[in-house]
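Numbering (my numbering), first residue to last: 53 to 290.
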Amino acid sequence: MASAFAVLNETVPAPGWALVATTALFAAAVSATSFALMTTGRRLLLNRVNVLGTLFHEGGHALVSILTGGGVFRIEITGAESGSTRHWNPSPFAGVLATAAGYAMPPLAGLGAAALLHRGLVPAVLALTAVAMLFILLFTRDVITGLVVVTVGAVVFCALRWAPDWVKNGVAYAEAWLLLTSEVGGLGALVANRVRGFQGDDASSLAERTGVPGGVWIVAWFVLIGWAVWCAFPMLWP
């Protein structure tokens, strides 16, 4: 227990602007290719990196379901940009919170990571990410999802345990930027689906449950991402 607290309180010297800028540009490129995939179907290698946001999206559904007194049957990752969480909720309100948490969780997690990085707590970011992967693994029932979760967890654990400080900084800052922007492509897909006449998604589900139009939910998620990036930028930039 003492060693766990030591890791969470350990600090790493802040990186220079070059590393921060490189990780930010990397996340922006991933977000741009994700948006292209979700809106036009154009697939690029960088799309696969966005699986981190997908994991936190599905983990958000699961976490809020549990915190509101419900439960989770399974989490499944079907692609870098797609997944599903089968959960149950004790009340309609709890169901609304759990559904809304999907697109909200990645930018909020990114903002939390930025707050820790601002204090130099790089190991804490990596350790908490590993814990998040263990949480998702509890509800994994298929091999592909298990491999994805274990791979991400192994990357952050190896960085935490053996990597030099500059690598730890690179992984942690890249993660923060990726989480802050990872849902841009997914929300773009929701907009594109509405243009095409398809609405079988979280926004449509929330519209049915609350009477608030799906477009309002989409705008609210975009605003949340913008707010998170706005707050996180001065904490991440050296």
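Backbone N, C-alpha and C define an ideal beta-carbon position, used for all residues, glycine too. The model shown is predicted, which means the values in this text are computed figures rather than measured ones.
- By the 16-neighbour rule on beta-carbons within 10 angstroms, residue 70 is exposed.
- At a cut-off of 4 residues, the continuous stretches assigned as alpha helix (DSSP H) that sit fully inside the region 77-139 are 103-119.
- In this structure, the alpha-carbon of residue 132 lies about 22 Å from that of residue 276.
- Here DSSP, grouped into helix, strand and coil, assigns residue 181 to helix.
- Going by C-alpha positions, residue 179 is about 35 Å away from residue 256.
- Under DSSP, the beta-bridge partners assigned to residue 192 are 127.
- Distance from the CA of residue 152 to the CA of residue 218, rounded to the nearest whole angstrom, comes to 36 Å.
- In this structure residue 158 is buried. Its beta-carbon is surrounded by 16 or more other beta-carbon atoms within 10 angstroms.
- Under the three-state reduction of DSSP, residue 171 is assigned to coil, being neither helix nor strand.
- Residue 280 sits close to residue 162, with the two beta carbons spaced by under 8 Å.
- Residue 205 is classed as buried because its beta carbon has at least 16 other beta carbons within 10 Å across all chains shown.
- Note that the region 118-133 touches the region 187-205; at least 3 beta-carbon pairs, one per stretch, sit closer than 8 Å.
- A Cβ-Cβ contact shorter than 8 Å links residue 284 with residue 228.
- Per the C-alpha coordinates, the member of 135, 119 and 173 positioned closest to residue 148 is 119.
- Boundaries of the alpha helix (DSSP H) around residue 227: 217-233.
- Contact between residue 150 and residue 60 does not hold, since the beta-carbon distance rounds to 27 Å and is not under 8 Å.
- Excluding sequence positions up to five before and after residue 67, its CB lies within less than 6 Å of the CB of 221, all in the same chain and listed in chain order.
- Within a 10 Å sphere around the beta-carbon of residue 278 sit fewer than 16 other beta-carbons, which makes this residue exposed.
- Contact check for residue 238 and residue 155: beta-carbon distance about 7 Å, within the 8 Å limit, so the pair qualifies.
- If you draw a straight line from the Cα of residue 168 to the Cα of residue 142, it comes to about 33 Å.
- For residue 245, the closest C-alpha among the options 87, 100, 264 and 216 is that of 87.
- When rounded, the separation of the alpha-carbon atoms in residue 259 and residue 99 is 29 Å.
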